[in-house]
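Accompanying notes for the structure given below.
There are 4 protein chains.
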Amino acid sequence: MGVGSVDPTDPGLFRLWREEILRYGDMDTNGHVNNVAIAQFCEGGRVAFERCGDLQRENADLGLSLAKVTIEFRAEAHFPGMVRIGTRILGFGRSSCRLVQGLFQDGRCIATSEAVSVCFDTRARRAVPYPEAFKARALALAGPAT
Amino acid sequence: MGVGSVDPTDPGLFRLWREEILRYGDMDTNGHVNNVAIAQFCEGGRVAFERCGDLQRENADLGLSLAKVTIEFRAEAHFPGMVRIGTRILGFGRSSCRLVQGLFQDGRCIATSEAVSVCFDTRARRAVPYPEAFKARALALAGPAT
Amino acid sequence: MGVGSVDPTDPGLFRLWREEILRYGDMDTNGHVNNVAIAQFCEGGRVAFERCGDLQRENADLGLSLAKVTIEFRAEAHFPGMVRIGTRILGFGRSSCRLVQGLFQDGRCIATSEAVSVCFDTRARRAVPYPEAFKARALALAGPAT
Amino acid sequence: MGVGSVDPTDPGLFRLWREEILRYGDMDTNGHVNNVAIAQFCEGGRVAFERCGDLQRENADLGLSLAKVTIEFRAEAHFPGMVRIGTRILGFGRSSCRLVQGLFQDGRCIATSEAVSVCFDTRARRAVPYPEAFKARALALAGPAT
Chain V
974 MGVGSVDPTD
984 PGLFRLWREE
994 ILRYGDMDTN
1004 GHVNNVAIAQ
1014 FCEGGRVAFE
1024 RCGDLQRENA
1034 DLGLSLAKVT
1044 IEFRAEAHFP
1054 GMVRIGTRIL
1064 GFGRSSCRLV
1074 QGLFQDGRCI
1084 ATSEAVSVCF
1094 DTRARRAVPY
1104 PEAFKARALA
1114 LAGPAT
Chain G
974 MGVGSVDPTD
984 PGLFRLWREE
994 ILRYGDMDTN
1004 GHVNNVAIAQ
1014 FCEGGRVAFE
1024 RCGDLQRENA
1034 DLGLSLAKVT
1044 IEFRAEAHFP
1054 GMVRIGTRIL
1064 GFGRSSCRLV
1074 QGLFQDGRCI
1084 ATSEAVSVCF
1094 DTRARRAVPY
1104 PEAFKARALA
1114 LAGPAT
Chain P
974 MGVGSVDPTD
984 PGLFRLWREE
994 ILRYGDMDTN
1004 GHVNNVAIAQ
1014 FCEGGRVAFE
1024 RCGDLQRENA
1034 DLGLSLAKVT
1044 IEFRAEAHFP
1054 GMVRIGTRIL
1064 GFGRSSCRLV
1074 QGLFQDGRCI
1084 ATSEAVSVCF
1094 DTRARRAVPY
1104 PEAFKARALA
1114 LAGPAT
Chain X
974 MGVGSVDPTD
984 PGLFRLWREE
994 ILRYGDMDTN
1004 GHVNNVAIAQ
1014 FCEGGRVAFE
1024 RCGDLQRENA
1034 DLGLSLAKVT
1044 IEFRAEAHFP
1054 GMVRIGTRIL
1064 GFGRSSCRLV
1074 QGLFQDGRCI
1084 ATSEAVSVCF
1094 DTRARRAVPY
1104 PEAFKARALA
1114 LAGPAT
């Protein structure tokens, strides 16, 4: 899974943004924001992706399921403050979608992530194709700028 | 970062094990264990790695910092129950260590992970070389079987 | 809400036990187990209460909802290790149940809790009476010893 | 521990506010914000109390430690959205402080809390008196309106 020529440390890459307010409990005994909290912020960006395309509009049983995630931790993040998560669609497969993310605190890139997110039928409990209408809506808001 | 010929879905790969008891809050609205909880279990395995080699024995300021992690989600995990995390050292660099992990519930592989874990001086707040004595101790317990 | 004459710092008070394995992330920047983690352990004990009486046996839509909780923090708890949570029924109202809990690490009481737990119809999204059969089963395992 | 004549379901009671952005993971399998997340929001309000009075200004070793907390859950909270936490000082003892809190989503009170928060010397690991200067600063911002 490569990100090709895109640079997720550049906030200019992203149009879809999610903000999180840091919590005291996001810190660990090292006094910085813990990697598990950052994994949760990546999830926040994926939920923003799901919502920007309104995944449940045509089928209320659909949800996202994470197939694979890679996170690179690039700088310490510190409480208190906010983290902004930019999420961009790299491309859709049949039932999967590749996403790239950049996480920023005060304009500084603290982490980047790539993910393979699967369209999941929560009733049938199996992966299904992303609806074409969802793809179009999501690409319009979180795809490559045109 | 490749894992070469090792297969982390095979519990026989691992000698160092950590167990976690699942909590109700590990589940998400999909009714299965959430990916962020699984990221936390991977951290549990890395802490077991740190402890098996007694990283603070010669220098109390040392800790682990995560540089990069990849997690592949392979099967749903369900509450209640336990998850066992196997952790194996793939190799040491100067101040980094590559780890591979397999996570199992009831003998079934639910996730695998690769990580680059850095030796971090919590006072100086920068990466430092892993102590040779730590490497030897950790390899004896979590390295490739000889 | 009083606990009357019972002493929840005495492990002898409890017959229903739940165990939790502490996680690195349960600690906060003070280097001890955080109060929010302890609130989660109290939840673990309440889930054990729900399960000991098999709340869904006659009605799959039933669940617990917390109406009120009081936690007293009595000693620091430390990672790594385990916490044992004892839970005892103080008494049932129509749709509520009063519980008392003691949390112990290595035999030492780290916290005690009282809770009012409501029987919640997850479909109707309102409190309903606890089924009589559940009450009988739960009291047999988590009520006052006879 | 009583709150006397104050009504924490009235947002007009509070001058010190903390905001939290809800996260997907704050929800549980019931599809609403979990009680443990609400306990974390109460912590956020206590941290705001600590910060409004700048507890470390005269002594960097000081922190808060929670001695007792009571939370009443009054309405379901739902993702996505925000929660506002109002925190008000009820009174200082020698090394303890009684706080009352109201938590609101979209203007609706979802929970109220009372807490006894102790001034904790993180080096000596014991309760110490709140500094008089902290008390004055905190009361000016989070005490009863005058």
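Protein chains in written order, with this note's numbering: chain V, 974 to 1119; chain G, 974 to 1119; chain P, 974 to 1119; chain X, 974 to 1119. Note that the Cβ used here is the ideal one computed from N, Cα and C, for glycine as well.
query                                                                                                                                                                                               : result
Quick one: what's got a C-beta closer than 7 Å to His1005 of chain P's C-beta in the same chain, skipping five residues either side?                                                                : Glu1049, Ala1050, His1051
Taking a Cβ distance cut-off of 8 Å, strictly less, list which residues of the region 993-1013 of chain G are near chain X, in chain order.                                                         : Tyr997, Gly998, Met1000, Asp1001, Thr1002, Gly1004, Asn1007, Val1009
Grouping DSSP H, G and I as helix and E and B as strand, with all else coil, what is Ala1115 of chain V?                                                                                            : helix
Give the DSSP-derived three-state secondary structure of Leu1039 of chain G in the structure shown.                                                                                                 : strand
So which residues on chain X does Gly1036 of chain P lean against when the C-beta distance must stay under 9 Å?                                                                                     : Thr1002, Asn1003
Give a yes or no on whether 8 Å exceeds the smallest Cβ distance from Gln1042 of chain X to chain V.                                                                                                : Correcting the residue identity first, residue 1042 of chain X is Val in this sequence and not Gln. False, the Cβ-Cβ gap to chain V never drops below 8 Å.
Counting only Cβ-Cβ distances shorter than 7 Å, please list the residues of the region 1012-1027 of chain G near chain P, keeping chain order.                                                      : Gln1013, Glu1016, Gly1017, Val1020
Return the chain-ordered list of same chain residues with a C-beta closer than 7 Å to the C-beta of Met1000 of chain X, the five sequence neighbours on each side being excluded.                   : Val1006, Asn1007, Phe1052
Which of the three DSSP states is assigned to Asp999 of chain V in this structure?                                                                                                                  : helix
One question on the structure: do Ala1109 of chain P and Ile1011 of chain P come within less than 8 Å of each other, judged by their Cβ atoms?                                                      : no
Mark Gly1122 of chain G as exposed unless 16 or more other C-beta atoms lie within 10 angstroms of its C-beta, in which case mark it buried.                                                        : Nothing about residue 1122 of chain G can be reported from this structure: the residues present for chain G run from 974 to 1119 only.
Classify Ala1088 of chain V: buried if its beta carbon has 16 or more other beta carbons within 10 angstroms, exposed otherwise.                                                                    : buried
Could you confirm whether any beta carbon from chain X is found closer than 8 Å to the beta carbon of Phe1107 of chain P?                                                                           : no
Name the chain G residues whose beta carbon is nearer than 7 Å to that of Leu1039 of chain V?                                                                                                       : Asn1008, Phe1046
How many angstroms separate the CA atom of Pro1102 of chain P from the CA atom of Leu986 of chain P?                                                                                                : 27 Å
Step through the CB atoms of chain G and report whether any lies within less than 8 Å of the CB of Thr1095 of chain V.                                                                              : yes
Give every residue of the same chain whose Cβ lies closer than 6 Å to the Cβ of Val1042 of chain P, excluding the five residues on either side of it in the sequence, and list them in chain order. : Ala1088
Please name the residue in V:Leu1037, V:Asp1079, V:Ala1033 whose C-alpha comes closest to that of Met1055 of chain V.                                                                               : V:Asp1079
Determine the direct distance from the alpha carbon of Thr1002 of chain X to that of Thr1095 of chain P, and round the result to whole angstroms.                                                   : 10 Å
Pull up the distance between the alpha-carbon of Ser933 of chain V and that of Asp1034 of chain X, whole angstroms please.                                                                          : Because residue 933 of chain V is not part of the residues shown, which for chain V are 974 to 1119, the question remains open.
Report the option in V:Glu1045, V:Pro1104, V:Phe1046, V:Phe1077 whose CA atom is closest to the CA atom of Asn1032 of chain V.                                                                      : V:Pro1104
Give me the Cα-Cα distance between Val1091 of chain G and Phe1022 of chain G, rounded to the nearest whole angstrom.                                                                                : 12 Å
Assign Val1056 of chain V to one of three DSSP states: helix, strand, or coil.                                                                                                                      : strand
Determine the extent of the beta strand (DSSP E) in which Phe1093 of chain X is found, giving its start and end residues.                                                                           : 1081-1094
Quick one: using the 10 Å Cβ neighbour count with 16 as the cut-off for buried, is Glu992 of chain P buried or exposed?                                                                             : exposed
Measuring straight from C-alpha to C-alpha, what distance separates Leu1039 of chain V and Ile1044 of chain G?                                                                                      : 10 Å
Please state if the CB of Arg1019 of chain G and the CB of Leu1072 of chain G are separated by a distance shorter than 8 Å.                                                                         : yes
If you measure between the beta carbons of Phe1077 of chain P and Pro981 of chain P, is that distance less than 8 Å?                                                                                : no
Apart from the five residues just before and just after Ala920 of chain P, which ones in its own chain have a Cβ nearer than 7 Å to its Cβ?                                                         : Any property of residue 920 of chain P remains undetermined from this structure, which presents chain P solely from 974 to 1119.
Taking the beta strand (DSSP E) that Val1020 of chain P falls in, what are its first and last residues?                                                                                             : Unbroken run through Val1020 of chain P is the alpha helix (DSSP H), 1008-1025; no beta strand (DSSP E).
Opposite Ser1069 of chain P in the DSSP bridges: which residues?                                                                                                                                    : P:Val1091
If you draw a straight line from the alpha carbon of Gln1029 of chain P to that of Gly1036 of chain P, how long is it in whole angstroms?                                                           : 7 Å
For Gly1064 of chain V, list the residues DSSP reports as bridge partners.                                                                                                                          : V:Arg1071
If we ignore side chains and look at the alpha-carbon of each, how far apart do Gly1116 of chain V and Phe1014 of chain V end up?                                                                   : 20 Å
So the candidates are V:Arg1067, V:Phe1046, V:Gly1017, V:Leu995; which of them puts its Cα closest to the Cα of Cys1082 of chain V?                                                                 : V:Phe1046
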